[in-house]
Structure formats: structure tokens, C-alpha cells
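Comments concern the structure below.
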Amino acid sequence: MEGIYRDAAHGYQIRIPTGPWLAIAVDGAAVAFRAPELQAAMAFSADCKAAEPGELPWVARHLFFGLKAKRLQSREAIRLRDTPGIRTRLVARLDEVPVEVEGVTLRRGDCLYDFMYVAPPATFARGQADFQAFVESWTPLAGE
Numbered sequence: 349m350e351g352i353y354r355d356a357a358h359g360y361q362i363r364i365p366t367g368p369w370l371a372i373a374v375d376g377a378a379v380a381f382r383a384p385e386l387q388a389a390m391a392f393s394a395d396c397k398a399a400e401p402g403e404l405p406w407v408a409r410h411l412f413f414g415l416k417a418k419r420l421q422s423r424e425a426i427r428l429r430d431t432p433g434i435r436t437r438l439v440a441r442l443d444e445v446p447v448e449v450e451g452v453t454l455r456r457g458d459c460l461y462d463f464m465y466v467a468p469p470a471t472f473a474r475g476q477a478d479f480q481a482f483v484e485s486w487t488p489l490a491g492e
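Our numbering runs 348 ahead of the 1-based position in the sequence shown.
Now the structure itself:
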């Protein structure tokens with residue numbers, strides 16, 4: 349399907365963002381996008397190598413490695429398509445530049461599905477609806 353990224357090996361499909369979002373390559377990401385006028389980026393990755401033990405807030409910490417001066421803004425448990433997850437939002441510094449970051453980690457079977465959105469505080473809200481739609485487009489494939 350056009351506009352859909354499907355990965356049968358990892359058991360999901362997601363909708364590709366449109367509008368200001370341009371596809372880019374990011375190490376470790378299945379798909380990633382940037383919006384130049386927002387100076388923002390979002391990415392998605394899937395890892396089904398082995399079940400990651402522990403509670404989701406602890407497991408999701410890997411999304412924020414490399415950020416400095418982190419201040420948690422919010423954290424909430426979520427469910428998406430009957431899959432447990434955690435949504436975390438924080439402010440931090442990335443390469444000495446202030447950023448707002450939102451990460452969503454879902455766990456289904458042995459797989460972790462990670463979404464990440466990063467933008468300067470001044471433009472963060474303008475891209476957040478696109479990020480939310482990107483996250484909500486995640487759909488596990490039948491039989492997975």
C-alpha cells in the first residue's frame with residue numbers, strides 16, 4: 349500500500365508521515381523523517397531479538413541515552429491496539445542545544461517498538477500532532 353511501511357519480519361505496519369516530513373536515514377531506525385522548517389525529527393525502530401526484561405518505564409530509558417540535563421515532563425502508561433506501552437516526554441540538551449523529546453515504547457511478545465520525536469522547544473508543539481498520528485498508525489500484522 350502506498351504511504352504504508354510494512355515489516356512482516358517484525359510484525360507491524362505504520363503510515364508514513366506526509367506534509368513537511370522528509371524521509372532520512374538514521375542508524376538503527378526502520379524509518380526516520382525530518383521537518384526542516386520545524387528543525388524537528390521523528391523516527392521509529394523495532395527490535396525483536398529477545399524479550400527485554402523489566403518494567404516499561406525502565407526499558408524505555410534507552411530512547412534518551414545521549415541527552416544531557418534531562419528533566420522529565422510527563423510519563424504515562426498507554427495501550428495501543430491492545431499492546432502495552434509507555435509515553436515519556438522530557439526537556440533536555442542535545443549537543444548543547446535545548447530540545448523537547450517525546451518517546452513511545454510498545455512491547456508485544458519479544459518485540460520492542462520505539463517512536464521518538466525531537467524538536468526545539470519553540471517548534472515542538474507544531475509537530476506533535478504529526479508525531480501522535482505516526483504513533484497511532486502502528487498496527488500489528490494479523491497472526492503476529
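Positions of the beta carbon are idealized from the N, C-alpha and C atoms, including for glycine. Just so you know, these numbers come straight off a predicted model, no measurement behind them.
Buried versus exposed, by CB contacts within 10 Å (16 or more), residue i
i: THR453; result: buried
i: PHE472; result: buried
i: ALA394; result: buried
CA nearest to the CA of residue i, picked from the options
i: ALA377; options: GLU484, ASP458, GLU385, PHE463; result: PHE463
i: TYR465; options: ILE352, VAL379, ARG354, TYR360; result: VAL379
i: GLY451; options: CYS459, ILE434, GLU385; result: ILE434
i: ARG409; options: ALA371, ASP430, VAL449, ALA389; result: VAL449
i: PHE392; options: TYR360, TRP406, ALA417, PRO384; result: TYR360
i: PHE412; options: GLU424, LEU428, GLU385, VAL447; result: VAL447
i: ALA490; options: ASP355, GLY402, GLY351; result: ASP355
i: ARG382; options: ARG429, ASP478, PRO488; result: ASP478
Coil, strand or helix - residue i by DSSP
i: GLN387; result: coil
i: GLU450; result: strand
i: VAL374; result: coil
i: PHE472; result: helix
i: ALA481; result: helix
i: LEU489; result: coil
Close-in-space but distant-in-sequence residues of the same chain around residue i (CB under 7 Å, 5 per side omitted)
i: GLN421; result: ARG437, LEU438, VAL439
Proximity test, Cβ basis, 9 Å: residue i and chain E
i: GLN387; result: No chain E appears in the structure shown, which is made up of a single protein chain.
Neighbourhood of residue i by C-beta distance below 6 Å, restricted to the same chain and skipping five residues each side
i: GLU492; result: Model confidence at GLU492 stands at a pLDDT of 49, short of 50, so the residue's coordinates are unreliable; what they give is reported in the following sentence. If we look at GLU492 and ignore the five residues flanking it on each side, its Cβ neighbours are GLY359.
inquiry  = Report the start-end ranges of each beta strand (DSSP E) in the region 416-444 that is 3 residues or longer and not cut off at the edges.
reply    = 416-428, 431-442
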